[in-house]
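Trainee:
Residue numbers (the UniProt record's numbering): 1 to 343.
#1: How many Å lie between residue 214 and residue 121 at the Cα?
#2: Once the 5 residues before and after residue 335 are set aside, which same chain residues still bring their CB inside 8 Å of it?
#3: Please list the terminal residues of the continuous beta strand (DSSP E) segment that includes residue 154.
#4: What does the alpha-carbon distance come out to for the pair residue 325 and residue 168?
#5: With respect to the beta strand (DSSP E) encompassing residue 215, which residues constitute its N-terminal and C-terminal limits?
#6: So what's residue 225 in DSSP terms, helix, strand or just coil?
#7: Starting from residue 188, follow the beta strand (DSSP E) in both directions and report where the run begins and ends.
#8: Taking the straight line between their C-alpha atoms, what separation do you get for residue 134 and residue 227?
#9: Cβ of residue 296 within 8 Å of Cβ of residue 209?
#10: Is residue 341 helix, strand or coil when you go by DSSP?
#11: Which first and last residues belong to the beta strand (DSSP E) in which residue 323 is found?
#12: For the structure I just gave you, are there three or more beta carbon pairs, one from the stretch 242 to 258 and one from the stretch 172 to 181, closer than 8 Å?
#13: What residues in its chain sit with their C-beta under 7 Å from that of residue 132, if we drop five residues either side in the sequence?
#14: Looking at C-beta atoms only, is the number of pairs between the stretch 215 to 235 and the stretch 258 to 273 that lie closer than 8 Å three or more?
#15: Mind checking if residue 337 is an interface residue toward chain B, Cβ cutoff 8 Å exclusive?
#16: If you count every other CB in all the chains shown that lies within 10 Å of the CB of residue 277, and 16 or more means buried, which is it?
#17: Quick check on residue 243: buried or exposed, where buried means 16 or more other Cβ atoms within 10 Å of its Cβ?
#18: Could you tell me whether the stretch 187 to 200 touches the stretch 136 to 147, where touching means 3 or more Cβ pairs closer than 8 Å?
#19: Out of 275, 304, 118 and 130, state which residue places its alpha-carbon closest to the alpha-carbon of residue 199.
#20: What is the DSSP secondary structure of residue 234, counted as helix, strand or coil?
#21: Do residue 217 and residue 154 come within 8 Å of each other at the CB atom, strictly closer than that value?
#22: If I'm right that residue 287 touches residue 323 with Cβ under 8 Å, what's the distance once you round it to whole angstroms?
#23: One question on the structure: do residue 256 and residue 264 come within less than 8 Å of each other, judged by their Cβ atoms?
#24: Could you round the C-beta distance between residue 301 and residue 331 to whole angstroms and report it? I think they count as a contact, below 8 Å.
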């Protein structure tokens, strides 16, 4: 019987593993890791979205869904508002330090350590030299007598501005007269003209309070005579009174027709009845120191009207001024105890 042939195996006894199996396992492992990473990120993003949605829902009742124009302007104006608040606080501090607020005291640049009773400014013009000489020989002291009056606490000066043509003969004549008499207060920044009188009252009070420390500042027209001792007595009794706006109080019709005497170009601002508010007549008006300082501090922004007395009266309306109507200051009256009269 024939024997079947047999196959002999090699001496190793085991077969070699396939080479590609290792690569497949590595790829599977990295795929699994990548899948876990992506799944984790997706889960984290989902959690973040849920958190944001919950926060939005929570704040939806507190914030407007649409930002209005007013809201945008508020946001944009925050820094500007903060700056203005700081500036306002600085201005308020300055105002308090300079004493224009009621109850505040401040010492201006004065030639004396003692506060004066009053500074009296007599309005005058370039063509009024004869009238000034009359005053110097009557109620207004001159020379040494003027200095002695200042020792009593009363300063008197003629008040005038400068010519529209600076340095001309009008200015030179005033400078020459002042060198001789030494009784002028020349307002260098003011142009002397009839239409500029409302601005002159601002400039006078501002200049006076900067140069003299006094309880009162008095504006006098050059068309009146003064009982000087009577005026000093009146002021001395009210010494130390803050917020005093003293004069012959009046009102009157606002003239709206151009070309008529006392025409007021801004007549329409005074209402249908067209009557002026209560104010002191311009012939002789007195204000206390803190009111003069208020005018000085706010000079640039104070509105002027056609006349100086109504302009001053309008400034007094907006502050804590005490109106004192004194018939002795009504210069055109016939009362016996008045302190002024028409010249």
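Even glycine gets a Cβ: it sits at the ideal position worked out from N, Cα and C. All of these numbers come straight from a predicted model, not from anything done at the bench.
Mentor: Taking the structure as given:
#1: 13 Å
#2: 327 and 328
#3: 154 to 162
#4: 42 Å
#5: 214 to 220
#6: strand
#7: 184 to 191
#8: 15 Å
#9: yes
#10: strand
#11: 322 to 325
#12: no
#13: 124 and 158
#14: no
#15: The question asks about chain B, but that chain is absent: this structure has only one protein chain.
#16: exposed
#17: buried
#18: no
#19: 304
#20: helix
#21: no
#22: 11 Å between Cβ atoms; not a contact.
#23: yes
#24: Contact doesn't hold; Cβ gap of about 31 Å is too wide.
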